[in-house]
Structures are given as C-alpha cells and as structure tokens.
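Residue numbers (the numbering used here): 1426 to 1861. Even for Gly, the Cβ is constructed at its ideal location relative to N, Cα and C. All remarks here apply to the structure that follows.
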C-alpha cells in the first residue's frame, strides 16, 4: 500500500500570504522612498540658497566689508526662509511609525545637518566682523552644505528600485558638481578680490575643477536624455566664454593688486553658470518624482493583480499531481510505483499558476538586484573616496585638497582608477592608525 498522504500540506495556505506580503513590502518601500525624494527637494533648495550666501560672503570679506552688503543681506533672508521651510518639513519625519529601523542612518544624517544649521548664526557673525579669511568662510559654509548633501547620499543609498536609484545617483552627482562649482566661485572671488592666487588657493581651485568633471561624468551616465541635452546646451551659453577666460586667469596668473571689478565679473558669470545648473537640477528632480510615482502606481497595480489571482486560485479545488519522490524521495520499501503502476503518487500541491507567481517574483527580485548594481557601485565609489580622504586628513594631517591631490596623483602614477586607490587606502586604515 502507498503510505498515507495528507490531503494538503500546511505550507500551501501561507504561500499566497507571503507572496502578497513581499509585493506589499515593495510598495511600502517605494512610498518611503518617495518621502525621501521629497526631502531631497527641500535640501536642494536650501543648498542653493546657502551657496549664494557663501559666494556673497567671500566677496564681502574680500572687500573688507566695503562691497556686496545689500546682496549678502538679501541672500541671508532667502536662506533663512528656505531653512524654516526645511525645518517644518522635517517634523513629519518624527510622527509615530515614521522612524523605521531602515531609516536610522538617514535620521542620523538629518541630526548632523540640523547641528550644522544651528551654527549658521555664529558663522555669519564672524563674516560680519571679517574675522575669517575668505577661504575659512568658504570652508564653514561648505561643511554645512556637505552635511546636507550627506542626507541626499543616504536617501540614494537606501533606494531599492533600479530606475529610481539611477535617477537619485544622477541628481546626487549633479548636486555635488554644482556644489563644487559654488566652491570654485567662492575661491575665485577671494583670489580676484585680494589679487592673490597663492599655491594653496590655486591648488584648491584645480581640485574643484577636477572633481566637478568626475561628478558631471557620473551624472551623464545615469541622467535622462533631456537633462543631458540641457547640460550640453549649457556648455554653449553666452557667459561660458567669459567664465573660461577668467578661470584660466585664476589658474595661471601671477599675484597682483586687488581687483574688485574682476572679482565681481567672476562672481557674475559663475553665478549665471550655477543658476543654469539649478534649472537642470529642476529637471532631474522632476524626473525623479515621476519615476518614483510611476513605480508606486505600477507596484500597487501588480499587488492588486496578485491578490486577485491568488483569491481566484483559492476558490478552485484544482490541484496538480507530481511524483512524490520529486519532493521527498521514494518511501522506504517502495520502488516508486504507485497503485496505478504509473510511477506517480497523487499529491495535492499548490497549482502551477501560484508557483508561476512565486517564480516570477523571485526572478523579478533577482533582476532588480542585478540592475541596482551599477547605481550602488557609483555610490560605493563616492563613499570610499570620501573615507579615504578622511583617513588621510586624520592620520597624515592633510587638508581636504591635499588629500584629494595625493589620491589623484597616486592614481595617475600607478595608472589606476581613483576609486581603486581610495579602496586600497581604506583597506590600510589599521596600518595608518598605528602610524598616527
């Protein structure tokens, strides 16, 4: 006799539940991601205003408090308005249920960003009194902006949808390139205003130019065509010729007398460039929101379809028969022949349609993981380079510009990619610590 086979397996009923739960988790993850995308929009607006204030602060200090006072006051007011809107937006992240475990790093970055904003009044006071050099003021604003961009990085790093992740990578790298362009504006304004581009200032300028090219290259790899076309169009804008001419002068000219007029000309053309970049940022943010909303709508529709199909199958009593041995091996003492002599034991299992749904979900998740690889690799490389710079700053006493120059020069000397050299530096962190 055949061994007794239960009419159904206890696992069958749970298969559909877990399949639906899997799809529901994807929808919830995308809804959380959309909230992060909206946060990125608030941060982007605040960063732009702080960049304008930073440039005006450099001109103010460079002129010893004699020029650009009205513009600086205006930019500060606009920064405060945008910061207040950002702070109000953050209150929603403290509602019950919002602080999921998966968001812990993102929330931690928010705390650091708020800490940076709390120091803005004291930084402004030092700018008012001209107790900082233009470069010191630039670093103060840049550190604050860096803490805000770190929130964007965490949002991108947590993305689980390939299309949305790619859009975030494009926006993040463009924002980073625009931030470097803002730093270049502040450095150039300081140099022209003082009539001095010493070794440190020139090195800082060259570092920003080189790093911009890398950020915009990665942006171009992940950005949609309309944004790439707008970027190509910007290269031919009317102010670009004046900008390139002044940039060459800043990188090559000998020290001379302070030139406030040239400093303001530099500020004007670099501001036109940065304002044009903001329009491209607008395109990228719009594309990001559209991607996220479209994916949520599609996944909700898929979730509904899966639920409906499982409900239909639950109402049907049709089951397939498969060889018992396929699942459990032949029972001891049996040669695999059933009562009918067809080598089959009739075992009720989940129908092929449910199995197809399960297999399709598994295949889809694997495809998503594969497609996420490129975006995650770009984010991982940026994180590794930042960690390598931090190690060199900490253990060798270098400035950020010097650390970047050392990594870049090493990469050139060894004919390796910058990310590879940074990865090797991070891998040697224990050794660097012992030598500190």
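- Counting C-beta pairs closer than 8 Å gives three or more between the segment 1442-1459 and the segment 1729-1736, which meets the contact rule.
- For residue 1448, the three-state secondary structure derived from DSSP is helix.
- In this structure, the beta-carbon distance from residue 1467 to residue 1510 falls below 9 Å.
- Between the segment 1635-1644 and the segment 1685-1695, the count of C-beta pairs closer than 8 Å stays below three; the two stretches do not touch.
- Secondary structure at residue 1647: helix, using DSSP grouped into helix, strand and coil.
- Between the beta-carbon of residue 1669 and that of residue 1634 there is about 11 Å, and that puts the pair past the 8 Å contact cut.
- In this structure, the CA atom of residue 1472 is about 12 Å from the CA atom of residue 1464.
- Between residue 1605 and residue 1576 a beta carbon distance of about 18 Å is seen, past the 8 Å cut, so the two are scored as non-contacting.
- In the DSSP assignment, residue 1552 falls within the alpha helix (DSSP H) that extends over 1545-1553.
- Exclusion of the five residues before and after residue 1685 leaves 1488, 1492, 1618 as the residues of its chain whose Cβ lies within less than 7 Å of its Cβ.
- Proximity to residue 1544 across 1620, 1565, 1711 peaks at 1565, based on C-alpha coordinates.
- Rounded to the nearest angstrom, the gap between the Cα atoms of residue 1667 and residue 1700 is 16 Å.
- Assignment of residue 1483 by DSSP, reduced to helix, strand and coil, places it in the helix class.
- 1721 is the residue among 1654, 1612, 1806, 1721 whose C-alpha sits nearest the C-alpha of residue 1585.
- For residue 1557, the closest C-alpha among the options 1478, 1485, 1799 is that of 1485.
- Counting of Cβ neighbours within 10 angstroms places residue 1552 among the buried residues, the total reaching 16 or more.
- Sequence-distant Cβ neighbours of residue 1469 in its own chain, meaning closer than 7 Å and more than five residues away, are 1600, 1706, 1710.
- Put simply, the backbone Cα of residue 1462 is about 29 Å away from that of residue 1843.
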